[in-house]
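K.L.:
Residue 80 in the numbering used here is what sits at position 47 of the sequence shown, and the numbering runs on without skipping anything.
All C-beta atoms, glycine included, are put in the ideal place defined by N, C-alpha and C.
The structure presented is a predicted model; accordingly, all values stated were derived computationally and were not measured.
Structure below; questions to follow.
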Amino acid sequence: MAKISKIIKTQRANIKGPMARRKNRCKLCGRPHAYMRFFGVCRLCFRELASKGELPGVTKASF
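Shown next, in the form of structure tokens:
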């Protein structure tokens, strides 16, 4: 989980500030890295949601 101070700081910066400095963060945990734009979550939250079956259309790959 990201520090609450970091999340608040980026939220304030996103309101007013240059587009180049805006950073995507996970909507569930606030993680700034490994962000999946299509789902709006990081890879860790994506994995949890996919394994629970809460993401429609996402299935585990089998070869």
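Could you name the residues of the same chain whose beta carbon sits closer than 7 angstroms to that of K60, not counting the 5 residues immediately before and after it, in chain order?
P.N.:
G73, V74
K.L.:
Can you name, in chain order, every residue of its own chain whose Cβ lies under 6 angstroms from the Cβ of A67, other than the five neighbours on each side?
P.N.:
C75, R76
K.L.:
Between I41 and R58, how many whole angstroms is the CB-CB distance? I'm expecting something under 8 angstroms.
P.N.:
Not really, about 11 angstroms apart at Cβ, beyond 8 angstroms.
K.L.:
P65: which of I37, A94, F96 sits nearest, CA to CA?
P.N.:
I37
K.L.:
Who are the Cβ neighbours of A83 in its own chain at under 6 angstroms, not counting the five residues just before and after it?
P.N.:
V91
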